[in-house]
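Quick notes on the structure that follows.
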Ligand code: B12
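In our numbering, the protein residues as written are 531 to 746.
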């Protein structure tokens with residue numbers, strides 16, 4: 531995996547978008563990497579490697595945006611592969627809504643988890659970033675999911691997630707399980723239980739484990 535990561539980073543560090551995209555498609559096409567291996571072993575660490583802008587160089591924000599866009603494009607061009615993997619897997623008959631609270635713009639982690647749930651047989655409704663509380667409630671009412679997955683990166687937005695969870699727990703007639711994820715929960719693990727979340731998940735293996743628990 532290190533060899534693959536190094537190959538990718540050689541291109542990614544120079545913002546060679548087209549070559550990053552072609553390289554990723556090649557690995558999946560040839561079968562040298564699976565989707566979870568590419569996402570978890572290469573794309574996620576590549577994103578974490580993006581450094582903070584130093585205070586004396588605020589101009590580096592554009593670079594963060596370019597790099598984010600490279601990863602985003604790779605994930606979207608591989609979506610047809612995700613569809614075909616999902617078609618071949620046994621369905622769980624479980625529906626999950628994936629969303630971020632209002633003002634949370636970090637959504638790539640959630641987007642990656644969306645593909646992981648999909649290739650594991652879940653019926654996924656991916657909403658994504660910056661979703662007003664009222665809209666989260668609307669989707670729950672109309673789609674009646676078994677799970678709601680909430681992603682928070684910015685810890686200032688944890689209180690918003692808490693309000694969302696409280697409303698779901700109080701108002702839903704169905705026993706909806708709340709799955710929490712993202713850096714804010716990872717760094718403040720007590721909040722998962724304090725807010726009434728049912729579980730914290732962060733990887734493809736966790737999704738497989740969740741499915742196995744369900745089968746029992
Ligand atoms: C990309 C990025 C952005 C992009 C986001 C683009 C997008 N569409 O997602 C943009 C440019 C918009 C952005 C903006 C900002 N960002 Co920013 N950003 C990042 C960066 C570089 C990478 C984040 C990322 O995608 N990580 C990779 C993903 C895959 O990891 P992940 O989210 O942890 O997800 C994994 C798991 O946690 C899990 N998971 C995540 N969510 C969920 C949900 C569920 C349900 C489940 C089951 C699992 C799960 O699955 C994933 C796979 O394992 C980090 C830097 C860093 N070193 O982390 C900063 C970082 C997160 N940003 C930061 C900040 C401060 C900001 C800004 C406020 C200002 C700024 N520096 O630009 C704004 C405002 C954003 C806002 N209000 O939401 C800080 C956060 C600090 C904090 N408060 O905690 C960081 C850490 C940078 C830093 N060192 O200061 N950012």
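Each residue gets a CB set at the ideal place from its N, CA and C atoms; glycine is no exception. Please read all numbers here as calculations on a predicted model, not as lab measurements.
Can you grab the Cα-Cα spacing for the pair residue i / residue j, in whole Å?
i: residue 658; j: residue 683; result: 13 Å
i: residue 604; j: residue 692; result: 32 Å
i: residue 675; j: residue 551; result: 34 Å
i: residue 556; j: residue 650; result: 23 Å
i: residue 654; j: residue 734; result: 15 Å
i: residue 629; j: residue 638; result: 11 Å
i: residue 690; j: residue 738; result: 28 Å
i: residue 725; j: residue 559; result: 42 Å
i: residue 567; j: residue 606; result: 16 Å
i: residue 542; j: residue 636; result: 20 Å
i: residue 697; j: residue 742; result: 29 Å
Heavy atom of the ligand SAH less than 8 Å from the Cβ of residue i, yes or no?
i: residue 640; result: Of the ligands one can find in the structure shown, namely the ligand B12, none is the ligand SAH.
If you follow the alpha helix (DSSP H) that residue i is in, where does it begin and where does it stop?
i: residue 642; result: 638-649
i: residue 708; result: Counting along the chain, residue 708 falls outside any alpha helix (DSSP H), though it belongs to the beta strand (DSSP E) covering 707-711.
Where does residue i land, buried or exposed, given buried means 16+ other C-beta within 10 angstroms?
i: residue 590; result: exposed
i: residue 648; result: buried
i: residue 808; result: The requested residue 808 is not part of the displayed model; the chain covers only 531 to 746.
i: residue 681; result: buried
i: residue 609; result: exposed
i: residue 746; result: Residue confidence for residue 746 is low, a pLDDT of 38 falling below 50, so the modelled location carries little weight and cannot support an answer.
i: residue 727; result: buried
What residue range is occupied by the uninterrupted beta strand (DSSP E) comprising residue i?
i: residue 656; result: 653-661
i: residue 619; result: Residue 619 -> no beta strand (DSSP E), and no H or E assigned at all.
i: residue 678; result: 677-681
Round the Cβ separation of residue i and residue j to the nearest angstrom and send it over; I've been treating them as touching at under 8 Å.
i: residue 631; j: residue 687; result: 5 Å
i: residue 706; j: residue 677; result: 7 Å
Can we say the stretch 535-542 touches the stretch 570-584, given the rule of at least three CB pairs closer than 8 Å?
Contact between the stretch 535-542 and the stretch 570-584 is present, because at least three Cβ pairs lie under 8 Å.
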